[in-house]
Amino acid sequence: MEEVYQPPNSPNLNGLDLGFFRSIQTLQEQNYPRYIGDIVAGTLQAWREVDMMTLNANLLTLQCCMKEVIRVAGNNNYKVPHMKKAKLAAKGMVSDVDGVDSDTINDGFNLLCATDLDENVEELALEIFKAMELYEFSTQMEKLAVDEELDDDIDAHLANILSL
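Under my numbering, the first residue of the sequence shown is numbered 31, with each subsequent residue one higher.
Okay, structure coming up:
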């Protein structure tokens with residue numbers, strides 16, 4: 031298992047976040063794990079037991095969210111669409127794919143063509159740089175807070191940290 035972080039406020043483009051984690055968590059919690067090994071084993075068992083219709087429903091929601099992201103020009107100010115998948119499944123009408131109209135596809139292509147990739151890369155680089163600075167600062171502050179060998183000159187240590 032590997033933990034991977036998603037940027038804050040990003041659109042709902044992670045199928046796992048859209049519902050799979052909740053469904054697998056429900057299965058996993060039925061075992062009342064107490065130790066890390068129990069959690070891992072329970073998660074793996076839940077993965078084996080999860081209903082394929084649940085996965086299909088999550089992926090259909092992901093497809094609908096992708097369409098909405100295109101419609102709102104890459105933003106995340108939209109409501110997660112509901113297709114009434116359970117009712118459709120009961121009637122045998124649920125699909126594996128939710129179609130996209132040609133206008134939405136063309137709008138998406140136009141948005142991509144109008145995007146200045148170099149500018150976006152520069153913005154991302156600056157954002158990462160600031161995050162790394164904050165990480166370094168936080169690490170130093172944590173070290174200062176738990177360092178048992180800290181001498182009486184706390185002001186000098188703080189001044190050193192703040193000069194990062």
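Each residue gets a CB set at the ideal place from its N, CA and C atoms; glycine is no exception.
For residue i, three-class secondary structure by DSSP
| i | result |
| --- | --- |
| Lys114 | coil |
| Asp133 | helix |
| Val99 | helix |
| Thr73 | helix |
| Lys160 | helix |
| Tyr165 | helix |
| Asn60 | Note that residue 60 corresponds to Gln in the displayed sequence, not to Asn. Three-state result, Gln60: coil. |
| Met31 | Residue placement at Met31 cannot be trusted, given a pLDDT of 48 that sits under 50; what the coordinates show is reported in the next sentence. If DSSP states are grouped into helix, strand and coil, Met31 belongs with coil. |
| Thr145 | coil |
| Asp81 | coil |
| Gly122 | coil |
| Lys109 | coil |
| Asn44 | coil |
| Gly49 | helix |
| Gly104 | coil |
| Asp128 | coil |
Cβ distance (whole Å) where residue i is taken to contact residue j below 8 Å
| i | j | result |
| --- | --- | --- |
| Ile100 | Thr134 | 6 Å |
| Thr84 | Ser53 | 5 Å |
| Leu89 | Gly45 | 6 Å |
| Val124 | Leu118 | 4 Å |
CA-to-CA distance, residue j to residue i, given in whole angstroms
| i | j | result |
| --- | --- | --- |
| Met206 | Thr73 | It is not possible to answer for residue 206, since the shown part of the chain is limited to 31 through 194. |
| Met96 | Gly129 | 11 Å |
| Gln170 | Leu164 | 10 Å |
| Gln142 | Asn136 | Note on identity: in this sequence residue 142 is Leu, with Gln being the wrong assignment. Their backbone Cα atoms lie some 10 Å apart in a straight line. |
| Trp77 | Asn106 | 29 Å |
| Ala103 | Asn150 | 15 Å |
| Phe167 | Glu152 | 23 Å |
Classification of residue i by the beta-carbon crowding that lies within 10 angstroms, buried from 16 upward
| i | result |
| --- | --- |
| Gln93 | buried |
| Phe50 | buried |
| Glu98 | buried |
| Ala87 | buried |
| Met31 | Low confidence applies here, because Met31 scores a pLDDT of 48, under 50, leaving its location unreliable and the question unanswered by this model. |
| Lys115 | buried |
| Leu48 | buried |
beta-carbon residue i near the ligand GDP non-hydrogen atom, thresh 6 Å
| i | result |
| --- | --- |
| Val151 | The ligand GDP is not part of the structure shown, which contains no ligands of any sort. |
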